[in-house]
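Those letters in the sequence shown? Residues 1 to 222, by the UniProt record's numbering.
Ideal Cβ positions, reconstructed from N, Cα and C, are used throughout, including at glycine.
Computed from a prediction, not measured in an experiment: that's the story for all the values here.
What follows is one structure encoded as structure tokens, with my remarks underneath.
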Amino acid sequence: MAPKTSSATLRLKQDYVRLKNDPVPYVVAEPVPSNILEWYYVVSGPDDSPYAGGYYLGRLVFPRDFPFKPPSIYMITPNGRFKTNTRLCLSISDYHPDTWNPAWSVSTILTGLLSFMLENSPTMGSIEMTEYERRQLAAQSLETNLNDENFCELFPDLTTTIRNEIEKRNSARANVVNSPNPDNTTPDNNIFQSVVYNSVVMIGFALFIYLVRYVLYNMNTE
């Protein structure tokens with residue numbers, strides 16, 4: 001006799017199908033093949049936010065009695081909004097079972113998570129950073145995620161996208177380094193020209209002082 005499938009497994013399979021048919025903007029998610037109670041998600045930073053250009057990996061851990069109890073929510077990629085590898089205190093997480101609604105799906109959780117990420121209200125597990133610092137972390141997130149085995153295994157399309165983006169960045173940097181200056185001079189030549197110019201100015205000034213002293217001397221002797 002086949003083992004009975006749990007209600008959590010049935011519900012999560014249904015949520016996965018709904019998520020594929022009706023994706024959440026800026027967020028994708030995949031369950032671990034060997035354990036449907038553990039999911040990984042990736043938030044793509046919206047263009048009008050400090051997270052633009054960034055990709056943020058996180059994890060959802062569902063209880064066996066889901067959907068009657070909420071999941072634990074973690075953020076893995078450094079982002080400047082939430083602590084990494086720390087249970088987040090959100091109204092959609094297991095920190096607040098009293099506010100949980102069993103009708104909420106994985107899509108609801110991911111939508112809520114993105115909403116919390118884009119605001120600045122403090123909560124357990126949140127951190128304070130400047131917009132500049134968050135943009136720096138967004139740029140660094142690409143290479144960070146490529147070093148994460150779960151990211152590369154569960155999100156191969158995003159992995160390819162990120163590798164292509166890194167190649168573009170490296171090519172752009174190389175073009176800047178190798179491109180000639182507008183006046184066709186090298187940085188060393190610019191330094192040499194600056195030294196020569198300053199030397200000429202100093203010599204000219206010294207000659208001017210000498211000339212003034214010479215004139216004054218002649219006037220005094222007359």
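- Judged by their CB atoms, L142 and V27 are not nearer to each other than the 8 Å cut-off.
- Taking 8 Å as the cut-off, the beta carbon of L12 is found closer than this to the beta carbon of P31.
- Less than 8 Å separates the beta-carbon of T77 from that of N145.
- Cα atoms of R135 and S179: separation of roughly 27 Å, rounded to the nearest angstrom.
- Following the DSSP letters along the chain, one finds G112 inside the alpha helix (DSSP H) bounded by residues V106 to L118.
- Using a Cβ distance threshold of 8 Å, G58 and L137 do not count as a contacting pair.
- As the crow flies, the alpha-carbon of T84 is around 8 Å from that of G125.
- Contact between P70 and W100 holds: CB atoms are separated by about 4 Å, below the 8 Å threshold.
- Per DSSP, the continuous alpha helix (DSSP H) segment holding Y16 begins and ends at S7 to N21.
- In the DSSP assignment, R173 falls within the unbroken alpha helix (DSSP H) covering P156 to N178.
- For V17, the number of other beta carbons within 10 angstroms of its own is below 16, and it is reported as exposed.
- Annotation for A139: the continuous alpha helix (DSSP H) segment containing it runs E131 to L146.
- Annotated three-state conformation of P70 is coil, per DSSP.
- DSSP links A29 through a beta bridge to Y41.
- Minimum Cα-Cα distance from A103 among the listed residues L118, S121 and F66 corresponds to F66.
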